[in-house]
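So the sequence shown is numbered by my numbering: it starts at 141 and just counts up by one.
Each residue gets a CB set at the ideal place from its N, CA and C atoms; glycine is no exception.
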Amino acid sequence: MGFIESFFKKEADKIEYSDIESFVSQRIEESLNLDYKNIADYNKPNELAKDISAFANSAGGLVILGVEEDASDPTRIYPKAITWGDSSLSKETLENHLISKISYRIDGLRIVPVRKPDKSVIFLIDVPQSENPPHMSWDKRYYKRLNFQSVPMEHYEVADFFGRRRKPRLSLVAEIIDIEDPNAQSVQFKIRIYLINKGKSAAKYTMVVISFNGATAIGETPNTNLQRIDSLREEYLLYNLTKM
């Protein structure tokens, strides 16, 4: 679930202009994860790029592009009014502006236009917490989100992000095949295990541990690096797979 769904309690593609009006009427103040922008900022991609990269470099958040800020209180910022944009404004143009102003591209960034019957529009920009920070803004600087502001990052913060940037992202997929006689008191099957790396670097020295309760391990697959732990311990820990 993204920030759009978290704030609006509704799927992004089902949000209507009345939901925006209702949300603004609640006067939810800006925070680490929420920012309001006048629709005029559609034509200020430099400013948008700074704030969106700051969200990605921090905990992520939602930018509502089309709501004016009420900054009468210097310690808190609330929404003031909806500033609907002209019908000619498009998600594609906005996305292209941001892509050209932020390096590297933010994976998972979502832009959702919300239009009134007359086609005037605002945009919900859902920025995930990046898995590959830091992201640099157009001015060759790195920003982070602090309270309701985007502030430049210190050198040590940027260096720390680069140190953690490239890492493996592993997921395990198990597939059960060749199930024999499912009506019997015991069931025999084979299991295939896939370890998938979606990260930006190689995963070294990986290990997978799978346990079965009440099962008998028949044998190992030849010509692989898989090995049964129970045989290493000189005892069998898994017995009698019974029918559920």
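Please report the residue range of the beta strand (DSSP E) in which residue i lies.
i: residue 290; result: 289-292
i: residue 221; result: 218-222
i: residue 267; result: 261-267
i: residue 314; result: 310-320
I'd like the list of long-range same chain contacts for residue i, defined as Cβ closer than 6 Å, with 5 residues on each side in sequence excluded.
i: residue 200; result: 267, 268, 269
i: residue 253; result: 231, 261, 263
i: residue 186; result: 278
i: residue 141; result: none
i: residue 178; result: 208, 223
i: residue 285; result: 172, 194, 195, 198
i: residue 328; result: 320
i: residue 315; result: 332
Which residue's Cα is closest to the Cα of residue i: the options?
i: residue 265; options: 193, 162, 165; result: 193
i: residue 290; options: 171, 206, 144, 245; result: 171
i: residue 258; options: 149, 187, 156; result: 156
i: residue 162; options: 207, 179, 297; result: 207
i: residue 331; options: 341, 325, 318; result: 318
i: residue 251; options: 146, 149, 153; result: 153
i: residue 220; options: 249, 184, 167; result: 167
i: residue 443; options: 326, 323, 346; result: The displayed coordinates of the chain run from 141 to 384. Any statement about residue 443 would go beyond what the structure contains.
i: residue 256; options: 239, 236, 226; result: 226
i: residue 165; options: 210, 144, 143; result: 210
Give every residue of the same chain whose Cβ lies closer than 8 Å to the Cβ of residue i, excluding the five residues on either side of it in the sequence, and list them in chain order.
i: residue 247; result: 268, 270, 271, 272
i: residue 275; result: 193, 196, 197, 242, 243, 244, 246, 282
i: residue 336; result: 310, 311, 312, 313
i: residue 175; result: 191, 195, 201, 202, 203, 204, 288
Tell me the DSSP bridge mates of residue i?
i: residue 209; result: 219
i: residue 328; result: 320
i: residue 251; result: 265
i: residue 285; result: 290
i: residue 246; result: According to DSSP, residue 246 bridges with nothing at all.
What are the boundary residues of the alpha helix (DSSP H) that includes residue i?
i: residue 177; result: No alpha helix (DSSP H) contains residue 177, which is instead part of the beta strand (DSSP E) from 174-177.
i: residue 241; result: 231-241
i: residue 273; result: It is not in any alpha helix (DSSP H) - residue 273 carries neither H nor E in the DSSP assignment.
i: residue 182; result: Counting along the chain, residue 182 falls outside any alpha helix (DSSP H), and DSSP gives it neither H nor E.
i: residue 161; result: 157-165
For residue i, I'd like the list of residues in its chain whose CB is within less than 7 Å of its CB, leaving aside the five on either flank, ordered along the chain.
i: residue 169; result: 216, 217, 218
i: residue 343; result: 308, 310, 337
What I want to know is whether the C-beta of residue i ends up closer than 7 Å to one or more non-hydrogen atoms of the ligand SAM.
i: residue 240; result: For the ligand SAM, the structure offers nothing, since it holds no ligand at all.
Determine whether the Cβ of residue i lies closer than 8 Å to any Cβ atom of chain B.
i: residue 254; result: Checking the listed chains, one finds no chain B in this structure; it contains a single protein chain.
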